[in-house]
Amino acid sequence: MAPENLAPESPAPEAEEAPARAAAAPTAPPTPLPFPRDIPGLPAIPGISALTPSVVPAAAVVTPFRRPCAAAYRLLVAAAATAAVAAELLTGPALHVLSHFAIQANILLALVLTASARRAWTTRRPLPASLTGATVLYVTLAALVDHLLLSGNTPPFSITGNPGAHPLWQSTAGHLIHTAIPLAALLDWLLLTTPARLHLRQAAPWLLYPLTYLAFSLARGAFLPPTASDRYLYPFLDVARHGYKHVLGNALLVGLSCYALALLLIAADQARPNLVRHRSKTGFRLRPPVG
């Protein structure tokens, strides 16, 4: 018997409808993989040390420039302060003269101005603002104490202890130390330094030196014999005449005045304009674009 011709079986209706439904259904978006919070570090290359991050100040990229006029002015003021201190030393006992606050402040001023003049001449960065501000504060405080507390005393106050021994030398040195040099230091600070470099946190540390000098003055008077004529260097610190209560009250008033003066200098530093701007040449020239 010949085999019967069998017709191919037709696919089931469910099989035909399944691909159509799959094609018509919307495709779901792929699920994103979680992003790692920390990217694993690369392995270190042998022989190469890791570089530490460094912060470069803005002053390091500014072209330095020489300031001969500022250097000459500061050297002149430093020479005047040195000459005035030398005149006082020549006309009075050295230890007695060097024990005065005004003499020590002028010696510090001469050293600071000499270093500042060298830096201005050699195009180096200026001294820290806290040092220059403290120096200006001390010489200004010495000048104010002399004019407000010592100028009307009888007998007249003298750094050497002998006001009539060398009147010309002593008068000239006194005017330089208490008037001319403090004004010159203030002008240098106002006109030849960069503003906005002082901060409020610097005012309290500036009082350490006046407090140390107060302790030195009282200890010096306590150890010297009562018959010594120069036992106390300043009349308002004379414990033998006024007593400790009055002297400490005077010292407190002077200390508060010093702190107020420090705050005034800081406020003036923040408010004063910048008079030392200098337009440096970089060597680059801008040209119009090509094309």
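Counting from 1, position 180 in the sequence shown corresponds to residue 179 in numbering that gives the first Met the number 0; the numbering is continuous, with no gaps.
We put the CB at the ideal spot given by N, CA and C, even for glycine.
N- and C-terminal bounds of the alpha helix (DSSP H) containing residue i
i: N249; result: 243 to 270
i: G173; result: 166 to 174
i: F222; result: 207 to 222
i: I226; result: The sequence as given places Thr at residue 226; Ile does not occur at that position. First-last for T226: undefined, no H or E at that position.
i: N105; result: 100 to 120
i: R73; result: 67 to 89
i: T178; result: No alpha helix (DSSP H) contains T178, which DSSP labels as neither H nor E.
i: L140; result: 128 to 144
i: H198; result: Note, H198: premise wrong, no alpha helix (DSSP H); not H, not E.
i: L94; result: 93 to 97
Inter-residue spacing [alpha-carbon to alpha-carbon] between residue i and residue j
i: P92; j: V84; result: 12 Å
i: G282; j: L126; result: Unreliable placement is indicated for G282, whose pLDDT of 45 sits below 50; no coordinate value is reported for it.
i: P234; j: V76; result: 29 Å
i: N152; j: W120; result: 44 Å
i: D268; j: A128; result: 10 Å
i: A184; j: F100; result: 16 Å
i: V246; j: Y212; result: 14 Å
i: L255; j: L223; result: 28 Å
i: W168; j: T90; result: 8 Å
i: A202; j: L260; result: 9 Å
i: V275; j: R118; result: 15 Å
i: P272; j: L190; result: 9 Å
i: A250; j: S170; result: 27 Å
i: L140; j: C257; result: 7 Å
i: A156; j: V138; result: Residue identity check: residue 156 is Phe in the sequence provided, not Ala. Between F156 and V138, the C-alpha separation is close to 18 Å.
i: T193; j: G242; result: 45 Å
i: L197; j: P204; result: 13 Å
i: A82; j: F215; result: 26 Å
i: Y208; j: Q103; result: 11 Å
i: P154; j: A227; result: 17 Å
i: G248; j: L94; result: 27 Å
i: A195; j: L186; result: 16 Å
i: R124; j: G132; result: 16 Å
i: P288; j: L107; result: Confidence is the limiting factor: at P288 the pLDDT is only 45, short of 50, which leaves the residue's position unreliable and the question unanswerable from this model.
i: H165; j: A270; result: 44 Å
i: L317; j: R219; result: Since the displayed the chain opens at 0 and closes at 290, residue 317 lies outside it and no answer follows.
Candidates the options, of which the one nearest residue i by Cα
i: A109; options: G132, L130, L89, A79; result: A79
i: A221; options: L236, L207, N152, G151; result: L236
i: A86; options: Y243, P204, D229, N105; result: N105
i: L136; options: T122, T159, W188; result: W188
i: L130; options: I265, A270, N273; result: I265
i: Y72; options: A270, P194, L182, K244; result: L182
i: A239; options: A250, G248, P225; result: P225
i: L217; options: L199, K244, A116, L263; result: K244
i: L149; options: H165, R200, G173; result: G173
i: D229; options: A116, G132, N161; result: N161
i: P67; options: L199, Y208, S115; result: S115
i: A70; options: L94, L107, V111, L263; result: V111
i: L199; options: A227, R219, H165, L263; result: L263
For residue j and residue i, believed in contact at Cβ under 8 Å, the rounded distance
i: L210; j: S98; result: No, L210 and S98 are not in contact; Cβ-Cβ is about 16 Å, not under 8 Å.
i: V96; j: T159; result: 6 Å
i: T113; j: L74; result: 7 Å
i: R65; j: T122; result: 5 Å
Closer than 7 Å: residue i CB and nearest the ligand MG heavy atom
i: A179; result: Of the ligands one can find in the structure shown there are none, so the ligand MG has no counterpart to examine.
Segment contact, 8 Å Cβ cut-off, at least three pairs: the segment 139 to 153 with the segment 170 to 187: Yes: the two stretches touch, three or more of their Cβ pairs being nearer than 8 Å.
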